[in-house]
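Structure, as structure tokens:
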Amino acid sequence: MEQCGFTVSNAEAFMEILAKDLSILDGENVQSVLASEKRVSSLMEQLDIAISEIERLENQLNSYDDVLCHVRNTMEKMEEKNMLIEIAHRNNQKLLMELEKVIVELEMDNKHQRSLVDADLTNPQGLKDAIEAGKALQAVMNAEIHPALVQLSAVQDQKKRFDKWKIKFSQIISRHLNNLFIYLGNDQGDQGLSTHGQELSLPKHSSIHKELQPYTELMHWLKVMDRKAYNALTKVYTTALGKLYERDIKQFLEDAKHNVAGSSGGLGGSREDISGKVKGQNNYIALLGIEREQWPDTDIAERIRFHQVFEKILSLLEPVCLSEQQFCVSFFQLDSVSPTSKNTQTTLDGLALENRLEEPIILPQQRDERQMNEEVRKMMAEIFGCIEPELVNFINHYEKVDGIYCMYGLVRLSQHVLSAHDAGSFLSKSFGSVLVQVKRNYDRYMQLQLQSVYDSRGNRKSKCGILPFVANFEEFVKTAESVFKETDRRTDLDKWYTKIVGAMFESIPIIAADHQKTPPEVIKMENFHHLYALLSQLKISVLDTQRKEAKLKYSEALKAYVTRYFGRPLEKLNLFFEGVQAKVGQGVKESEISYQLAYSKQELRKVIKEYPAKEVKRGLDHLYKKVEKHLCEEENLLQVVWRAMQEEFIQQYKYIEDLVQRCYPGAMISLDFSIEDILQFFSEIARSH
């Protein structure tokens, strides 16, 4: 528009110019196209030629591609064949190696084969060859062979031969050891059983262990290869040795009884002689509640010998049991556990393939301590089963003679059980079981002592005196203290001390009240005094409270006796002044009492005249004789009681004199005797008797 110089208002003129220019351009284009037609035709021909050439090249490439595909397929087939050949080669090599290994692993030397079927276990060389053959057989039967190869007929045939040799070899070992165990069961030990008069001893049978030691590896072989034979031999051994040790221990304890009896008991006596001693004893037990004369005869020296001999019995049993236990653990391989219950534990056993792959055979492994202890205790119990009953019988034998022996047994067994290094061992368990039985016997014995205190009734035919259980308590305590001194069972004794002394405190008043011949105050006074003196002498800490109580009860009984039997020798004077005291209590002054007609000076002098010194002394002498009849001589309390009565009399005298001085001052009234006279009366009477 700028070029044409038109304004907006001349748009129509502008459009006409544009239309004109467009038509001119269209004409020029048509002319140009018509001029290039020849060139287009030439171009189309060239394109057709190019397409034909391309089709030819494509066909040529397709033929080349077909050739290459054929070559590739051929190479792949060749590679696969080569791989299969390599796998077959490797498999053949592995198979050859496994077969060679099977042949080598399952092959046994002819020498070993002969030893397995014809072993001579009676000489060292034959035994050595047998052990080597057994190891070789065990090795081939536990060869590391792939489970699949075990199913091969050749392997199974070889296994059958191995089983045959194993059975034969096991029979040879079992027969030889069975006979050897039975033969050795009659062994007399390293040193014969002690004879009478000689040092007490118990054979260890180390000779048996020494003779069996060379067969240890064969026994271990049996445990792995033939469990039934192993168990049977174990049973034969425990039976044979059990009988041997039972015989030894019984004889050992019989000899111990002779040693306890001492020279006076006749060491050369038979078992019947010793048993006769028990039957000949008094049927009474030495009980606190019965008279000492009824106690059976006791030999203190024999008690000491029992204590020493029983300690030696326990000490000698320990090394014997320990020696046997150590041998059994080693010989029977009790410190290893078998993970299977099968009779033979080998890799050639016919297990399922999948199980064999998942669960390989595990040979015996070390036991944990608890399992081993249980197995050892079981075997020791079969061998030494007689220890517990024989020890109990031994202690019971002496308890029938003297119940005190249960104390010795309790203390000695406790010390051995508490000091044991292996609390779980068979011997510790056996000692513990015996200890339980002895503790029951001890408690039963102490219960009898306690009951005897309750059942005691004292001497009814004459004056009572010291009751049996009080008199016997000193001997009982001294014996018990000699046994329990500085031991770990002290609390068991203290417990019964408290019960028995408590029973005495209960029984003394009951017996005192029931006795017809002796005043109850005297019985309580004498017995509590005796008990107090004894407890003070013994100084038993657990009985300190009872000691103080005994002193208190003795003092109360003494006071009650003096009050009852001394009474008031100046009875009328006492009654007179009781009346005086009554008047004073009613308000009469003491200084005006003499003006009372009934309590005048004349009346007082009249009463005083009734108690001349001579009559008072005669009354005291009569009282002394009565007291002397009441009291027993052995307790020696007569002077104590007499002194208490003297003090009581002086107190009454001072009481009367004081009232005379207060109520009758200046009357010059006094008794016919003085305190010095009283002291002289009591002294002369005591000396005259």
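According to the working numbering, the sequence shown is numbered sequentially starting from -10. Each residue gets a CB set at the ideal place from its N, CA and C atoms; glycine is no exception.
Asked: Does the segment 202 to 214 come close enough to the segment 119 to 126 that 3 or more CB-CB pairs lie under 8 Å?; Found: yes
Asked: Alpha carbon to alpha carbon, how far is residue 376 from residue 232? Give it in angstroms, no decimals.; Found: 12 Å
Asked: Only counting the same chain, and skipping five residues up and downstream in sequence, which positions put a Cβ closer than 8 Å to that of residue 531?; Found: 483, 486, 487
Asked: If you reduce the DSSP assignment to three classes, tell me which class residue 59 lands in.; Found: helix
Asked: Considering only the alpha carbon of each residue, which of 524, 221, 516 lies closest to residue 467?; Found: 524
Asked: For residue 242, count neighbouring Cβ atoms within 10 angstroms of its own Cβ and tell me buried if that reaches 16, exposed if not.; Found: buried
Asked: In terms of residue numbering, what span does the alpha helix (DSSP H) encompassing residue 240 cover?; Found: 216 to 250
Asked: Determine, using beta-carbon pairs with one atom in the segment 55 to 67 and one in the segment 109 to 120, whether at least three such pairs fall under 8 Å.; Found: no
Asked: In angstroms, rounded to a whole number, what distance separates the CA positions of residue 368 and residue 202?; Found: 18 Å
Asked: DSSP three-state call for residue 683: helix, strand or coil?; Found: Since the first residue shown for the chain is -10 and the last is 678, residue 683 is missing from the structure and cannot be characterised.
Asked: Note down the Cα distance separating residue 445 from residue 632, rounded to an integer number of angstroms.; Found: 32 Å
Asked: Looking at the secondary structure, which residues open and close the alpha helix (DSSP H) in which residue 631 lies?; Found: 627 to 652
Asked: Are there 16 or more other CB atoms within 10 angstroms of the CB of residue 39, so buried, or fewer, so exposed?; Found: exposed
Asked: Helix, strand or coil: how does DSSP classify residue 671 here?; Found: helix
Asked: Using three-state DSSP, classify residue 661 as helix, strand or coil.; Found: coil
Asked: Let me know the secondary structure DSSP gives residue 175 once reduced to three states.; Found: coil
Asked: For residue 478, name the three-state secondary structure that DSSP assigns.; Found: coil
Asked: Measure the C-alpha to C-alpha separation of residue 190 and residue 431 and round it to an integer number of angstroms.; Found: 28 Å
Asked: On the three-state DSSP scale, how would you describe residue 680?; Found: Residue coverage of the chain in this structure runs from -10 to 678, which leaves residue 680 outside it and unanswerable.
Asked: For residue 384, which of 474, 292, 475, 365 has the nearest alpha-carbon?; Found: 292
Asked: Can you give me the start and stop residues for the alpha helix (DSSP H) that residue 294 sits inside?; Found: 289 to 320
Asked: For residue 661, which residues of its own chain have a beta-carbon under 6 Å away from its beta-carbon, when the five flanking residues on both sides are left out?; Found: 601, 602
Asked: How is the alpha helix (DSSP H) around residue 528 delimited, first residue to last?; Found: Careful: residue 528 lies outside any alpha helix (DSSP H) and carries neither H nor E.
Asked: Pick helix, strand or coil for residue 210, following the three-state DSSP scheme.; Found: helix
Asked: Only counting the same chain, and skipping five residues up and downstream in sequence, which positions put a Cβ closer than 8 Å to that of residue 613?; Found: 631, 674, 675, 678
Asked: For residue 345 and residue 401, what's the separation of their Cα atoms in angstroms?; Found: At residue 345, the pLDDT of 44 sits below 50, so the modelled position is not reliable; the number obtained from the coordinates is stated separately. Their Cα atoms are separated by approximately 57 Å.
Asked: Quick check on DSSP: helix, strand or coil for residue 702?; Found: The structure shown does not extend to residue 702, since the chain is modelled only from -10 to 678, so the question has no answer here.
Asked: By the DSSP assignment, the alpha helix (DSSP H) with residue 458 in it spans what residues?; Found: 457 to 473
Asked: Does the beta-carbon distance from residue 372 to residue 141 come in below 8 Å?; Found: no
Asked: Use the C-beta contact count for residue 3: other C-beta atoms within 10 angstroms, 16 or more gives buried, fewer gives exposed.; Found: exposed
Asked: State buried or exposed for residue 502, treating a residue as buried only when at least 16 other CB atoms are found within 10 Å of its CB.; Found: exposed
Asked: Exposed or buried, what is residue 28 when buried is set at 16 or more other beta-carbons lying within 10 Å of its beta-carbon?; Found: exposed
Asked: Excluding five sequence neighbours on each side, which residues of the same chain lie with their C-beta closer than 7 Å to the C-beta of residue 666?; Found: 602
Asked: Among 168, 88, 529, which has the Cα closest to the Cα of residue 143?; Found: 88
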